[in-house]
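Residue numbers (the UniProt record's numbering), protein chains in the order written: chain Z, 1 to 330; chain C, 1 to 330; chain L, 1 to 330; chain X, 1 to 330; chain W, 1 to 330; chain G, 1 to 330. Backbone N, C-alpha and C fix where the C-beta goes; we use that ideal spot for every residue, glycine too. Below is one structure; the comments refer to it alone.
Number of protein chains: 6
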Amino acid sequence: MASSYGLHSGYFHPTLRKWQGGAGTTIAPHNLMLPIFVVDDEDGIEPISSMPGVLRMGINTMAVFLEPLVAKGLEAVLLFSVTNILKDDTGEIGAKPSNPTVGAIKRIKRDYPDLLVAVDVCLCPYTISGHCGVLKDDGFIDNGRSLIQIVKIAKSFVLAGADVIAPSDMMDGRIKAIKDMLQTLGCMNRVSVMSYSVKFASAFYGPFREAAHSAPAFGDRKRYQLPLASRGLAMRAAKRDEVEGADMLMVKPGLAYLDIVREVKDRHPELPMAIYQVSGEYAMLHHGAAAGAFDLKAIVMETLTAMRRSGADIIITYFTPQLLDWLMEK
Amino acid sequence: MASSYGLHSGYFHPTLRKWQGGAGTTIAPHNLMLPIFVVDDEDGIEPISSMPGVLRMGINTMAVFLEPLVAKGLEAVLLFSVTNILKDDTGEIGAKPSNPTVGAIKRIKRDYPDLLVAVDVCLCPYTISGHCGVLKDDGFIDNGRSLIQIVKIAKSFVLAGADVIAPSDMMDGRIKAIKDMLQTLGCMNRVSVMSYSVKFASAFYGPFREAAHSAPAFGDRKRYQLPLASRGLAMRAAKRDEVEGADMLMVKPGLAYLDIVREVKDRHPELPMAIYQVSGEYAMLHHGAAAGAFDLKAIVMETLTAMRRSGADIIITYFTPQLLDWLMEK
Amino acid sequence: MASSYGLHSGYFHPTLRKWQGGAGTTIAPHNLMLPIFVVDDEDGIEPISSMPGVLRMGINTMAVFLEPLVAKGLEAVLLFSVTNILKDDTGEIGAKPSNPTVGAIKRIKRDYPDLLVAVDVCLCPYTISGHCGVLKDDGFIDNGRSLIQIVKIAKSFVLAGADVIAPSDMMDGRIKAIKDMLQTLGCMNRVSVMSYSVKFASAFYGPFREAAHSAPAFGDRKRYQLPLASRGLAMRAAKRDEVEGADMLMVKPGLAYLDIVREVKDRHPELPMAIYQVSGEYAMLHHGAAAGAFDLKAIVMETLTAMRRSGADIIITYFTPQLLDWLMEK
Amino acid sequence: MASSYGLHSGYFHPTLRKWQGGAGTTIAPHNLMLPIFVVDDEDGIEPISSMPGVLRMGINTMAVFLEPLVAKGLEAVLLFSVTNILKDDTGEIGAKPSNPTVGAIKRIKRDYPDLLVAVDVCLCPYTISGHCGVLKDDGFIDNGRSLIQIVKIAKSFVLAGADVIAPSDMMDGRIKAIKDMLQTLGCMNRVSVMSYSVKFASAFYGPFREAAHSAPAFGDRKRYQLPLASRGLAMRAAKRDEVEGADMLMVKPGLAYLDIVREVKDRHPELPMAIYQVSGEYAMLHHGAAAGAFDLKAIVMETLTAMRRSGADIIITYFTPQLLDWLMEK
Amino acid sequence: MASSYGLHSGYFHPTLRKWQGGAGTTIAPHNLMLPIFVVDDEDGIEPISSMPGVLRMGINTMAVFLEPLVAKGLEAVLLFSVTNILKDDTGEIGAKPSNPTVGAIKRIKRDYPDLLVAVDVCLCPYTISGHCGVLKDDGFIDNGRSLIQIVKIAKSFVLAGADVIAPSDMMDGRIKAIKDMLQTLGCMNRVSVMSYSVKFASAFYGPFREAAHSAPAFGDRKRYQLPLASRGLAMRAAKRDEVEGADMLMVKPGLAYLDIVREVKDRHPELPMAIYQVSGEYAMLHHGAAAGAFDLKAIVMETLTAMRRSGADIIITYFTPQLLDWLMEK
Amino acid sequence: MASSYGLHSGYFHPTLRKWQGGAGTTIAPHNLMLPIFVVDDEDGIEPISSMPGVLRMGINTMAVFLEPLVAKGLEAVLLFSVTNILKDDTGEIGAKPSNPTVGAIKRIKRDYPDLLVAVDVCLCPYTISGHCGVLKDDGFIDNGRSLIQIVKIAKSFVLAGADVIAPSDMMDGRIKAIKDMLQTLGCMNRVSVMSYSVKFASAFYGPFREAAHSAPAFGDRKRYQLPLASRGLAMRAAKRDEVEGADMLMVKPGLAYLDIVREVKDRHPELPMAIYQVSGEYAMLHHGAAAGAFDLKAIVMETLTAMRRSGADIIITYFTPQLLDWLMEK
Ligand SMILES: [Zn+2]
Ligand SMILES: [Zn+2]
Ligand SMILES: [Zn+2]
Ligand SMILES: [Zn+2]
Ligand SMILES: [Zn+2]
Ligand SMILES: [Zn+2]
């Protein structure tokens, strides 16, 4: 046998195996970002049946909930609005002070000033249609008006103190629109934009829709979320976001799209790369472990290792609380 | 907005979305391969608790089971031995006519002569240790003796009529050893070798170990199955197998390794690429759907589409029976 | 300003800066390898004046010295022989049981069985000339005879239980020669070869020569260590070692050769990459800090971060004991 | 052994070793640039304790100091202001005729008209905060106002006769701002811009802060100097500077960033590449040699050879005076 | 105008222009190699009418001639045999001690031991046909027998002390044949092979044929020297030589083949690259200058700069004596 | 010998050699462009001593001279003004109807309407300084005013009927300025711009300066013609011209810059590539042949083959008349 074909010599010992991990496959607290669903009632606390162990919270509840996590090393959160305030066609309430996320940003910045606060920006939590853009009469997205609304909401979050704006709407041109707003505000250098660059129209989002009350009232999102099979659109979307100035790129969902993560990272090695382990992934790992198919910690660590291996620097995951414990165990 | 940045125009219509799918993301019966666990008792039929809906079968049961599937278009199976015959240190029984897989090969070739018969080759079903190679006193693999045994077993399957030999043992140099045997037998041109080229030491194999009674009696397989994080060893293993003559390459497990599939396919576009949707993946999709997190058909189709998008030509999956139905539904 | 040209938004916050670190720039205990100079006297302990804080030790002293380090997470050591046993022209004593390194290997394997033991292999500690190969009358290296001696020494270390053979001699063809020996011994899968692939004829080795008593008796090593300016030979040497079967590659010295590390890693991403922060680097960082030019911890961490950034997976450094403490602080 | 694996034949002779040096690794006077710290007192001469042998000088002292160096071949200098004139929040004095650097430019252009005069441009020598940009109340940089001030200072240096403007401030967009000023002045073709493109927040700057009295009054520069581990931001910064019209790029510090030099040069081979061997590097080589760890000339030449090998065309170094002598010796 | 399009700012000053030279365009003595024609008569000295100023010399004359050149920095020569000893069909005399080149090698090694001695190896100076290989009856080259003779001659030069063997014959496979001989002799690490890898069937060789009496007696060399227009064969020849172990590659002639030099260097950056400024080039530059079309020094320096720019590390040129003077002037 | 290393089999036969020529190395009349020096006196005819056989001509002489050449296939000419009309600082006369080139354009368009008429555009034939741009008091180019004058002259040629405008001045931004003028004139689609994109400050221009009376009155052109060694500026200049809309790119001079031609063509394969075999090249080939160093036809054909091989589509050469004959011979 050619000596270069004897591979066992490279990984027979635990330390050798760590060396084979190569660059960027370890997991540290700073690689994790915790999604938080913020509700209107400041003391609210609501379990989400499809995502066992995940809660919707008001800002007071949230503040208490975060304390032990920050102590364990939590560095970043991603806020979602779940509001019952009166909605309209264009999502005006998203930019209002009454949006519970605005309060959440301020509260975290007061209580945990070092915690990095990222905020999801979209129209779907605020529109009657539940769609991520303003609709025209023919049912198509009005891209121009949608951008105006998205920028308006993003601006209100920036003024509240958000560190990272994370637009998840998939409208064409939103990154540039947000960056232009930041430049006008004079705060382009104190706010990051993490783009949901490559977001597929996936069946893995099911539980989230319960969590965030975000299912569209009619139709689906296939006209703006990417077709499952499309590498091409995925690459074009990532490229566009880089050109428009995104500070970080994202691929969503996670596990079933690691090939896309790899390819985006290979093309854009200069930008930090996020991946979203979405609600359906959370649920299936949870239920699989509960049914005894595998050990939860082992399987979650394997999926996160895989995400890191495929190029992700940032992993948005509902398992963050458990992971902070697991990382300390090891 | 730069006109090349308006992406919605590329996928607002269902037909446009299909065009974006790009090459090789559709799923046809010939892309599927069904794993079958063959037991000693020719009329045996045993449910596997950790894999609801999957059975271990004797050759008679199997023959009956296959009939409707072949009618629906099944083109390929992958056989595994689950035997209680007296084992030893080197897995001698694997190469004996009493190995139930030998009978299964012959039976399928008699009853369904057009069905492509692939056979898993390893030592673990036949050794007392349950390890995939012959062990030395110091607990390390004796690579040379292991190759001799693997070749012996493969040869018995070839003589029984197998179309595809699929070594899953991860010993160094087994592809060349098998190909040399085939050349000596004069049947290199009637037997393919599908290498488990890139097989990780994964937590997703849990249910399979129940299914195939294949957990090692002691220790683990980390000295020969690849470390989860290692792109480097994965690429070296695929390269080696190509050089040694593998007809097809495989990545295993599936979903959490799509980045590896992408990279192997990019480096070896000339070879058909297989992916194994393993038992743990089957279980979590099943349980997730059962718990209402998502629709089973939608989620299975999404994962298979993802596998195809990442470069897989052949998908080995326990969902094959359902898929044959779903594909007919369209 | 074009929005993609506003870079500050990507790194104004500590967590954002960590994300920018990208893959593989964190430092963990498994990234460190501690060099140990082993002397004949089993209870010996000798300070090295040119490397303040570094010791030569006998095997008893070494065993005691290692205990707290292992407790703090030390995973790997690299042993060097410093012997006064009677030398000859071909370094025969290197392969003798009296070589103190042989005892050191056995002792570590007994006391700290999980510690990965790498051993430097060369002729210079054992030859009268102090050169790394056997010399011919015309002063040129006798490459063939040198390989025979190197393999002989390597074999004695393998039989003593070494996990990793690390040839530092720079003879042409030594990796293949060592791998052939391992294959003959039947232990190619339990011994790694970490090649000093790219070793330059550097002025940074000064203090080491005192430490290991390894200055050549006459002449210099420019005929076998690489010219400082040569990218080309560096790349050819790394390529050759990969083809000949090296499990890991090394660049030596470290800091002034990060461009070479980058280029070797880019060409050989499949192999773990080691870098040697050599004695002169240790000395200048130590003396620079002592003179108040910079803080020792900050500067050592910066150089190691740089090494990781340039592609190194393994860092061989005399600062390992301090680093194990510093890593726990942080 | 394969004949292409015999490498010794390529470098056994000194002339062969020179050939292996490949392109661009020799060092000539035109590869060197001497930093000069200019103080208010025209006859001032102040030693810098942390950089033994380096002086702060007034313009008369400087003129005398330069004479023998020019005679030995000095071709380029880089001027830094060290002024005690009354500072303010925006660094207005930087653009005033009283800035000692203005006088120094004129003096050199009068006395040594062929000497290329580069001038460092930043706000930190002139602001009360000691930061490189104008600060807003929230402690963040006011990027827009910072650019206005930087351009103002650069313009005063251009009008005084500077050949090269070298902005070291790391504000977003300064290269374009300076080039726009030059175009307006009608002298874009007689002034070069050498950008400190890739300047890391390094611990190697310690002694310089004493030399130039440039430590910030509070906080640090991590919000505008690059994170140590970030290849991505480094590449984005270099790319931006090329697009904005920089005539030369720079990486700073030097030794620990040769991988970055290599990568920037590979991506921008069309632009001359500078590297700054900073104060901490000077100090550690000096102290290391003083402590006997290595020979000063040998080690300085090795580090400069390494810089050239990694792609640097221009080396800014405090060793320039000694190097001019050493180059003549050889 | 976009600021990056103002190029004048990059080269308005002499020092800026030197920086633009980039890597590897300066010329130093070690970049030059002087061809010497050695005749039988040890005291011979013969002008060559077609190459004004170039001489054929015996070894005594040569020794005297070299003295001032070595004093001025000459580092390398390339020897050619011009013999009148009785020739035959296979060039046997080339390997005899009476070959004047054998004496020349020894003489130089005695008188100027540091001078690198390269020796041209071919059959044409020794065969009746004047062809570079042994001919078969059908007029085609007998490649196998040619290799035997070439190796025999090369071996006699090696035993005489040559540092570099430079085969110019263009037979298929000669590099491997020579390397095998060196390996057998045990001196692969003290002899370099500089291959005339890419030698075109050029009209620029005219004067050389007078100089070396090397015109073939009949026919031409188009069956073994490359067609003028062929990039493809040029690249294949260079690749082959690298694989067969050549230490240096060469392109010949020089000026009209700089595109080929560029392409070979780009593909083989790891190997030093030689270029031969052949006799016809020498003649036309000489005559052009004599006729007043340009200044000789300026035009020779421009052509050599061009050669260096295109990737050449070594320039074989008849202008070497003048260049050694010119380099000192500057 | 590996079978792929036997190269002789690819070129032993003349037809095989032609096949090896690859794409684009043949020479046809349409690959040639003839430079013509036009003087004020319409019947003038002046030999140029430094370019034996080349003439300066008035438009009547020119018309007669062209007749047989057109008959032999001449397809393109490049006109140069050599005028004695009163010059000034800004070259105003260049744009006047009295400029003899204006008449020449009209005459050719009348007499040989199918002949492609390219016209050199520069200020040096018309300014007192003899420089290619308008000078400021400090001796630097006034780039803005120069562009205005160049555009004015180009416009007068366009109005006279020129097909191709060929600016040779090397001012920054002239291609865009000329294209803007063409667009304003409404004739962008009937006039090509062939940019002297990459024009080096070469010693090969000597005889031309006599031919065109174009030596500058003082100083040299090194501030706007490219430094000989600069690949980087060459690539940036070609890139800029492509971006600004050049229809064809040119490298000048020819022979010593084939590496640059190769690289420009590799980067800009979409644009036709011109090369200028300049006066000094003409002279040295002429004198070399006259002195018997080589055959003129063979050597000219070899140099043109080399130019074609390196990527040139258009060759501007004074040998065009002879070549038209030689091409017919063959
Ligand atoms: Zn939405
Ligand atoms: Zn197994
Ligand atoms: Zn050694
Ligand atoms: Zn500053
Ligand atoms: Zn010959
Ligand atoms: Zn001109």
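Could you list which residues in chain G have their beta carbon closer than 7 Å to that of S189/X, in chain order?
For the purposes of this step, residue 189/X is taken as the residue at position 189 of the fourth sequence. The question names Ser, but residue 189/X is Asn in the sequence shown. Neighbours of N189/X on chain G, chain order: F140, I141, N143 and D172.
Take every Cβ of the segment 291 to 299 of chain C, pair it with every Cβ of the segment 295 to 306 of chain Z, and state whether three or more of those distances are shorter than 8 Å.
With a cut-off of 8 Å, the segment 295 to 306 of chain Z and the segment 291 to 299 of chain C do not count as touching, because too few Cβ pairs lie within range.
So which of R267/Z, P272/Z, H268/Z and A256/Z has the shortest CA-CA distance to E281/Z?
For the purposes of this step, residue 281/Z is taken as residue 281 along the first sequence, with counting starting at 1. Taking only the C-alpha atoms, the option nearest E281/Z is A256/Z.
Spell out whether any CB of chain Z is found under 9 Å from the CB atom of T25/C.
Taking the second sequence and counting its residues from 1, the one referred to as residue 25/C is at position 25. Yes, T25/C counts as interfacial toward chain Z.
Which residues, in chain order, sit with a beta-carbon under 6 Å away from any heavy atom of ligand 1?
Those residues are C122/Z, C124/Z, C132/Z, S168/Z and D169/Z, given in chain order.
Specify, as a first and last residue, the run of the beta strand (DSSP E) that L55/G falls within.
Numbered from its first residue, the sixth sequence carries residue 55/G at position 55. First-last of the beta strand (DSSP E) with L55/G: L55 to M57.
Check whether the Cβ of S214/C sits closer than 8 Å to any heavy atom of ligand 2, and report yes or no.
Indexing the second sequence from 1 puts residue 214/C at position 214. Yes.
Measuring alpha carbon to alpha carbon, tell me which residue in L34/Z, T184/Z and K87/Z is nearest D120/Z.
By one-based count along the first sequence, residue 120/Z stands at place 120. Taking only the C-alpha atoms, the option nearest D120/Z is L34/Z.
Mind listing the chain Z neighbours of T15/L? Cutoff is C-beta to C-beta under 7 Å, in chain order.
On the third sequence, residue 15/L is found 15 positions in, with the first residue counted as 1. Result: H30, E75, A76 and L116.
Of the choices M284/Z, S310/Z and E263/Z, whose alpha-carbon is the least far from that of G232/C?
Locating residue 232/C in the second sequence gives position 232, where the first residue counts as 1. The shortest Cα separation from G232/C among M284/Z, S310/Z and E263/Z belongs to S310/Z.
Does L271/W come within less than 9 Å of chain L when only Cβ atoms are used?
Numbered from 1 along the fifth sequence, position 271 holds the residue referred to as residue 271/W. Yes, L271/W counts as interfacial toward chain L.
Determine the DSSP secondary structure at A118/C, reduced to helix, strand or coil.
Start at 1 with the first residue of the second sequence, and residue 118/C comes out as number 118. Correct three-state label for A118/C: strand.
Should I314/W be flagged as near chain G, meaning a C-beta pair shorter than 9 Å?
Numbered from its first residue, the fifth sequence carries residue 314/W at position 314. No - not a single Cβ of chain G is within 9 Å of the one on I314/W.
Whose CA, out of R308/X, Y205/X and I48/X, lies closest to the CA of D259/L?
If you number the third sequence from 1, residue 259/L lands on position 259. The candidate whose alpha carbon is nearest that of D259/L is R308/X.
Check whether the Cβ atoms of L324/C and K96/C sit closer than 9 Å, and answer yes or no.
On the second sequence, position 324 is the one that residue 324/C refers to. On the second sequence, position 96 is the one that residue 96/C refers to. Contact flag unset, no.
Within the continuous alpha helix (DSSP H) that includes E75/G, where are the two ends?
Counting from 1 along the sixth sequence, the entry for residue 75/G is found at position 75. Per DSSP, E75/G belongs to no alpha helix (DSSP H) and is neither H nor E.
Report the residues of the segment 267 to 291 of chain C with a CB closer than 7 Å to any CB of chain Z, ordered along the chain.
Those would be G280, A283, M284, L285, H287, G288 and A291, in chain order.
Output, in chain order, the set of chain W residues within a Cβ distance shorter than 7 Å of K179/X.
Taking the first residue of the fourth sequence as 1, we reach residue 179/X at position 179. Neighbours of K179/X on chain W, chain order: S3.
Output needed for M51/C: all residues of its chain with C-beta closer than 7 Å, excluding positions within five of it in sequence on either side, in chain order.
Numbered from 1 along the second sequence, position 51 holds the residue referred to as residue 51/C. P207, A211, S279, Y282, A283 and Y318, listed in sequence order.
In chain order, which continuous runs of the alpha helix (DSSP H) of length 4 or greater are located wholly inside the segment 203 to 266 of chain C?
206 to 212 and 231 to 244, all fully within the segment 203 to 266 of chain C.
Is there at least one Cβ from chain G nearer than 9 Å to G186/X's Cβ?
Here residue 186/X corresponds to residue number 186 of the fourth sequence, with the count starting at 1. Yes, G186/X counts as interfacial toward chain G.
Which residues in the same chain as A166/L place their Cβ atom closer than 8 Å to its Cβ, once the five residues preceding and following it in sequence are excluded?
Stepping through the third sequence from its first residue, residue 166/L is reached at position 166. Within the same chain, A166/L has close Cβ partners L78, A118, V119, D120, V121, V193, M194, S195, Y196 and M250.
Using DSSP bridges, identify the partner residues of K199/G.
The count along the sixth sequence starts at 1 and reaches residue 199/G at position 199. K199/G pairs with K252/G.
Return the chain-ordered ranges of every beta strand (DSSP E) run that is complete within the segment 156 to 198 of chain X and spans a minimum of 3 residues.
Within the segment 156 to 198 of chain X, the complete beta strand (DSSP E) runs of at least 3 residues are 164 to 167.
Straight-line CA distance for E42/C to I178/C?
As a first step, residue 42/C must be located in the second sequence, where it is residue number 42. As a first step, residue 178/C must be located in the second sequence, where it is residue number 178. About 29 Å.
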